[in-house]
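In the UniProt record's numbering, the protein residues as written are 1 to 602. Quick reminder that beta carbons are idealized off the backbone N, C-alpha and C, glycines included. Here the structure is laid out as structure tokens; the discussion comes afterwards.
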Amino acid sequence: MTERKFSITEIYKEDEHGDAEMYIDRDLYLAAINGDLNQFERIFYRISKENHESESERLSRLTPIQNTVLHVAAKHGNQDIVNFITRTKPSLALAKNFNGDTVLHLAAKGGDEAMVKALVGDLSHNETEKRNLLMAENKMRNTALHQALLSQMESIASFLIQQEPELSYHLNKQGESALYLAAKAGFVGCISSILANCTDENRLNLLFENKSPIQAAIERKEIAVLEAIINAKPQLIQMRDSKGRNPLHYAASLGNLEATHCLLKKDAFNASRRDKRGELPIHLAAREGHVDAIRVMLQYSLEVEELLDVSGNNILHVAARSGRYNVFSFVLKNPKLDSLINMQNKSGDTPLHIATRNDHAKIVSTLTWDQRVDIKAVNNNEMTALDVAYEERIDNPPFTKRLTWAALKSASVPQNSKNSGRMENVDLDVYKERVNTLLVVATLVATVTFAAGFTMPGGYISSETDTDLGMATMWRDTVFRVFVLCDTIAMYCSIVVVAALIWAQLGDTTLVIYALELAAPLLGVALIMMSVAFTAGVTTVFTKLRWLQITVLAMSTSSIALLLVLLLPLCAPLTSSSRVIRYLSYYPFCLLILVSSTKRNH
């Protein structure tokens, strides 16, 4: 049979009302899948003869998703059939299916390297035809090279890069270049080939402006890719994106230690270059809490006092704003960084001011315990950290703000503003609700413990002949005495609480607050003593059932321990400036911080 020759510039088109409705013959479709070339040829010529169609017309028929028989054969890796079809109708190489994929797209996506090379090789005699095939885009504007890289087909991608250098400059619908995709995939060989073929420096620079290959390498921690890019094109290390950030900014913000090392070795001065917001790379690391990246940059940078953003903030100011406690821990443990602790920015704020303003109670507490921190420092508005805490007055402040305020008050931070002496901008109704709630609880505790005092475990001695008439039958038992003592303490503590809260009903704000400060610890003691009294009373009457006594003691001990954990933070005088009380309240305060930080994370 004489071979028919077509030019690939005869662009494949379909008539929407004609060929689109002429679906591919089922037998021919199955033959393309099976891969037997002889069977395919027999069916193809038979159908063409029976339907009085030309060979070209028969091959032009489509599946419901607009695949040609060439797509079907290529998808199933049947290279002999593909070669036969491209020789018979070369223009089908540019035919696109429903997704806009050519046969080369499918071969690249499926990882069929032999198929890809065969398709390109069949058109090697005509550079224009070959280029049209290689540059063909699907609906996502992906070329076959994009598709190979997205499918992690490195060898196919390397082959396509060598065939058409122009592919390296092409961007898909997502703005991704082949260089970017190769960097994401970690294909060092592809990166080197692309950079070697890219001779237009201006067009190359455009590839690094938005979706930068360097940024992709940093994000994926592909250090070999990063080094390949920098070694091939050293000037790219200075490239900045739309935010004015260089590669070191990204490495620092992501905490990529290896990339940070690599970039600083190539150009340490990048650590002193600010982005459009006036921030250095070390500030981004501080914001994200990447202490190791900070440590590395300090080794390559200028004096730490020089590393300020456009507003005069050092790394502690930035960490205070974002609540990165680990950065504070690192700085406070490093004597060489002492100068940062009380440094003021252009607004006069110290890290303590900023941590207070952002309600980071753990940082505030840590700073107030450190003797190097100047808790009396004032900013440009003559405000101390406590003034800043009072700056935003709301009726029912969040728990973190209350903890921040308590940390400052217990450390005796002065208040210099005109509002000095004001305790809190409180809603009296809210405090009255608390008073009423505690009053009900205290009354119940007093009632229960009073009743328990006259219903002793084991009863009373009633024998008239006994000299101990009227005494509790178990008064000699040590555990019984524990019951009596704890019950008595619980009752009187609750009665004192009731009396204090009655005074609080008078309506004076100061009186209400002082009454609550007195009532909370006493009510906590009453609840714990009542629990201990119950345990002692129950174990007293089961002395002969040892297993039951042990079980009750175990359950009671764990419950009372949990009760202590819950009540201690609520009853501890967290705002007291007394040194002894402050030390006693340290761990309850830490527990409250842990609870509040967990809630904030959720």
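Nearest candidate by alpha-carbon position, reference L592, set A407, D122 and I581: Nearest of A407, D122 and I581 to L592, Cα basis: A407.
Once you ignore the five residues that flank K184 on each side, which residues in its own chain have a CB closer than 7 Å to its CB? A216 and R220, listed in sequence order.
Going by Cα to Cα distance, which pick from D487, Q66 and Q79 is closest to A114? Of D487, Q66 and Q79, the residue nearest in Cα terms is Q79.
Within 10 Å of its beta-carbon, does A500 have 16 or more other beta-carbons around it, so buried, or fewer, so exposed? Of the other Cβ atoms in all chains shown, 16 or more fall within 10 Å of the Cβ of A500; this residue is therefore buried.
Please name the residue, chosen from H146, V498 and L195, that lies closest to N172 on a Cα-to-Cα basis. Nearest neighbour of N172 by Cα position, chosen from H146, V498 and L195, turns out to be H146.
State the CB to CB distance for the pair L207 and L179, rounded to an integer number of angstroms; the pair is presumed to be in contact (CB under 8 Å). That belief holds up - the Cβ atoms of L207 and L179 are roughly 6 Å apart, short of 8 Å.
Taking the alpha helix (DSSP H) that P521 belongs to, which residues open and close that run? Looking at the DSSP string, the run of the alpha helix (DSSP H) that includes P521 is T509 to T540.
How would you write the range of the alpha helix (DSSP H) that P213 sits in, first residue to last? Here the alpha helix (DSSP H) through P213 covers P213 to E219.
CA-to-CA distance, L386 to I214, given in whole angstroms: The straight-line gap from Cα to Cα measures roughly 45 Å.
Just confirm the distance between the C-beta atoms of N342 and A377, as a whole number of angstroms; I'd bet it's less than 8 Å. N342 to A377, Cβ: 6 Å. Contact.
Sub-8 Å separation of N138 and H170 beta-carbons: Taking 8 Å as the Cβ cut-off, N138 and H170 do not qualify as a contacting pair.
Start and end residues, alpha helix (DSSP H) containing K139: First-last for K139: undefined, no H or E at that position.
Does DSSP put S347 in a helix, in a strand, or in coil? Reduced to three states, the DSSP call for S347 is coil.
Is the distance from the Cβ of I223 to the Cβ of C190 below 8 Å? No, these two residues do not count as a Cβ contact at 8 Å.
Alpha carbon to alpha carbon, how far is G110 from N313? Give it in angstroms, no decimals. Answer to the nearest angstrom: the Cα atoms are 53 Å apart.
Give the straight-line distance between the Cα atoms of residue 605 and Q174, rounded to the nearest whole angstrom. The requested residue 605 is not part of the displayed model; the chain covers only 1 to 602.
Unbroken stretches of the alpha helix (DSSP H), 4 residues or longer, contained in the region 148-228: Correct list: 154-163, 178-185, 188-197, 201-206 and 213-219.
Cutting at 6 Å between CB atoms, please list the residues of its own chain near K75, excluding the five before and the five after it. Excluding residues within five positions, the ones whose Cβ falls inside 6 Å are L106.
Which value, in whole angstroms, describes the spacing of the CA atoms of T2 and K49? Model confidence at T2 stands at a pLDDT of 40, short of 50, so the residue's coordinates are unreliable; what they give is reported in the following sentence. When rounded, the distance between both Cα atoms is 17 Å.
Tell me whether the beta-carbon of A251 lies closer than 8 Å to the beta-carbon of T260. In this structure, T260 lies closer than 8 Å to A251 by Cβ.
Rounded Cβ spacing between L284 and A271 (contact assumed at less than 8 Å): So it is not a contact: roughly 11 Å between Cβ atoms.
If you draw a straight line from the alpha carbon of E201 to that of L264, how long is it in whole angstroms? Rounded to the nearest whole angstrom, the CA to CA distance from E201 to L264 is 24 Å.
Which value, in whole angstroms, describes the spacing of the CA atoms of C590 and N205? Answer to the nearest angstrom: the Cα atoms are 52 Å apart.
State buried or exposed for M555, treating a residue as buried only when at least 16 other CB atoms are found within 10 Å of its CB. Residue environment analysis places M555 among the exposed positions, since fewer than 16 neighbouring C-beta atoms fall within 10 angstroms of its C-beta.
Rounded straight-line distance, which links the Cα of A182 to that of E53: For E53 and A182, the distance between alpha carbons rounds to 46 Å.
Check whether the region 508-523 touches the region 539-558, taking contact to mean three or more Cβ pairs, one atom from each stretch, closer than 8 Å. Counting Cβ pairs under 8 Å, fewer than three are found: no touch.
Secondary structure at L123, three-state DSSP: helix, strand or coil? Here L123 carries a coil assignment [DSSP, helix/strand/coil].
Residues bridged to Y23 (per DSSP): Y23 pairs with L62.
Along the chain, where does the alpha helix (DSSP H) containing H283 start, and where does it finish? Counting along the chain, the alpha helix (DSSP H) containing H283 begins and ends at P281 to E288.
Thinking C-beta only, is F483 closer than 8 Å to G537? Yes, they are a contact pair.
Is N83 helix, strand or coil when you go by DSSP? Here N83 sits in helix by DSSP.
Just how far apart, CA to CA, sit T86 and A95? Their backbone Cα atoms lie some 11 Å apart in a straight line.
Just to check my reading of the structure: S168 and N197 have Cβ atoms closer than 8 Å, yes? What is that Cβ distance to the nearest angstrom? Contact flag correct, Cβ pair sits at about 6 Å.
Below 8 Å on the Cβ atoms is my contact criterion, and I expect G278 with D309 to pass it. Report the Cβ-Cβ distance as a whole number of Å. The pair is a contact, with the Cβ atoms about 5 Å apart (cut-off 8 Å).
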